[in-house]
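Take a look at the structure set out below.
Residue numbers (my numbering): 2 to 132.
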């Protein structure tokens, strides 16, 4: 997969934000053409006191859910980079990080001012339980 290295760099920031308690949400968006799959929303969940990621696949007519361990979510999300999604946005309390493909499939990763002031409540709960 041609985007594995760059998306891996991006996903490292996702994992860091989960570990340091700043993760708010992750969204894959901007599809190529008219596709049935419109977005993938990623949010943390606690399953048996273990932090995992819930992937919500938003289709035009339905929503499907998958639960993955943090490391196993990476290859699952990578499948959708460039087919059909052209961007992934990591929202944290410190910054928003956008992974974007242009028409020539060149990758850019841009950091912007944060959209969220509060981390995911699940992350806060998880980190508090580890103290």
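Glycine included, each C-beta is placed from N, C-alpha and C at the ideal position.
Going by DSSP in three states, residue i sits in which element: helix, strand or coil?
| i | result |
| --- | --- |
| residue 114 | coil |
| residue 122 | helix |
Can you tell me the Cα-Cα spacing of residue i and residue j, whole angstroms?
| i | j | result |
| --- | --- | --- |
| residue 62 | residue 89 | 22 Å |
| residue 2 | residue 100 | In this prediction, residue 2 has a pLDDT of 48, which is less than 50 and means its spatial position is unreliable; what the coordinates show is noted afterwards. So the two alpha carbons sit approximately 16 Å from each other. |
| residue 27 | residue 124 | 13 Å |
| residue 73 | residue 80 | 12 Å |
| residue 42 | residue 57 | 5 Å |
| residue 39 | residue 85 | 9 Å |
| residue 6 | residue 24 | 22 Å |
| residue 97 | residue 121 | 14 Å |
Between which two residues does the alpha helix (DSSP H) harbouring residue i extend?
| i | result |
| --- | --- |
| residue 13 | 5 to 21 |
If you follow the beta strand (DSSP E) that residue i is part of, which residue opens it and which one closes it?
| i | result |
| --- | --- |
| residue 64 | 64 to 70 |
Across the stretch 46 to 60 and the stretch 112 to 128, are there enough close Cβ pairs to call them in contact, namely three or more that are closer than 8 Å? With three or more CB-CB distances shorter than 8 Å, the stretch 46 to 60 counts as touching the stretch 112 to 128.
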